[in-house]
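Numbering-wise (the working numbering), the sequence shown opens with residue 1 and increments by one. Heads up, the beta-carbon is just placed ideally off N, CA and C, and yes, glycines get one too. Before any comments, here is the structure.
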Amino acid sequence: MTRTMHHLLMLLLGSLLSILATGCSMPVLKQDIPVSTNPVGARIYADGQFAGVTPARVSLERNRSHILTLVKENYRQADVVITNQYQKERVYLKAIQSGINSGLFFKNASMGMGSGMNSISNQEETGEAYILTPPAVSVSLMPLSGSAAAASLQAPTATAAYPESDRNAAMGQGEMTKELLKMGAGAALSQTAPIGKETSSSSSRNYVTSDGTRVQEKTTTSVGVKVNPAGLIGVLDTLFQ
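Right, dumping it as structure tokens:
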């Protein structure tokens, strides 16, 4: 099998794996948030949906933010925002590991790049890239009196704005993705055998010596060139600038 055919097969395999991965929806991870109130017995609404009575644990999806609303008769309604925070260091570390492993296994830089990008997307889709904060909720409810107490018994409507996820803090995702691609591709290139090519040329000349002898001389010249793919890693820096 030629090198070109091998490269095409690796690209085809990577595309097939990507299609299969995106075609199967993965379950979204959840995080249990303990919720307590003083006094106890408050109704819990998660994003406007009834979720239990305090004290209780509420299971929330990690790939988005939420609003918990606490309602108890004769007490003021309390709203608590649960924010999903982007765990960039953990996400990129796992993506880099995935890219390097794929690059080493297939000995192909493109497979390393694709694996790293898919890892980031999958972690964000399943919620693995996020953690909900605060991890626990404890609220002291404020008492009401008169007509205001009757109004507090109505089911709450979540109207507060959802905060933005911490995706762009410190180093942007684009910069980290570039580093990921370079590391994954570099690992694959470093394991690839050197590429070599050898060319040869020959020449001959005829002449007659002073004593009348005819002489034929043949000269053959060979030139070999080898390129180590590991040396191409530096080129990746230029490509991503």
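Inter-residue spacing [alpha-carbon to alpha-carbon] between residue i and residue j
{"i": "Ser36", "j": "Ser98", "result": "40 Å"}
{"i": "Val40", "j": "Lys88", "result": "37 Å"}
{"i": "Leu68", "j": "Ser102", "result": "42 Å"}
{"i": "Ala42", "j": "Asp32", "result": "18 Å"}
{"i": "Leu132", "j": "Gly48", "result": "18 Å"}
{"i": "Gly127", "j": "Asn108", "result": "29 Å"}
{"i": "Met26", "j": "Gly116", "result": "18 Å"}
{"i": "Val53", "j": "Ala46", "result": "11 Å"}
{"i": "Leu29", "j": "Arg90", "result": "16 Å"}
{"i": "Ser119", "j": "Pro134", "result": "26 Å"}
{"i": "Phe105", "j": "Lys72", "result": "58 Å"}
{"i": "Ala129", "j": "Leu144", "result": "41 Å"}
{"i": "Tyr86", "j": "Asn74", "result": "38 Å"}
Residue i vs residue j beta-carbon contact at 8 Å
{"i": "Arg57", "j": "Met142", "result": "no"}
{"i": "Leu60", "j": "Ile44", "result": "no"}
{"i": "Val139", "j": "Ala51", "result": "no"}
{"i": "Ile100", "j": "Gly112", "result": "yes"}
{"i": "Asn84", "j": "Arg62", "result": "yes"}
{"i": "Pro34", "j": "Ala136", "result": "yes"}
{"i": "Val80", "j": "Ser65", "result": "no"}
Three-state secondary structure (DSSP) of residue i
{"i": "Lys326", "result": "It is not possible to answer for residue 326, since the shown part of the chain is limited to 1 through 241."}
{"i": "Thr126", "result": "helix"}
{"i": "Ala51", "result": "strand"}
{"i": "Lys94", "result": "helix"}
{"i": "Ser65", "result": "coil"}
{"i": "Ser119", "result": "helix"}
{"i": "Ser250", "result": "Lying outside 1 to 241, the shown extent of the chain, residue 250 is not represented and no answer is given."}
{"i": "Pro163", "result": "Summary for Pro163: the model assigns pLDDT 44, below 50, so the residue's position carries little reliability; its value from the coordinates is reported in the next sentence. In this structure, Pro163 counts as coil in the three-state DSSP scheme."}
{"i": "Gly114", "result": "helix"}
Boundaries of the beta strand (DSSP E) in which residue i is found, first to last residue
{"i": "Tyr130", "result": "130 to 133"}
{"i": "Thr83", "result": "78 to 86"}
{"i": "Val35", "result": "30 to 38"}
{"i": "Tyr45", "result": "43 to 46"}
{"i": "Ser140", "result": "137 to 140"}
message: Taking 8 Å as the cut-off, does the stretch 117 to 131 touch the stretch 78 to 98 (at least 3 CB pairs, one atom from each stretch)?
response: yes
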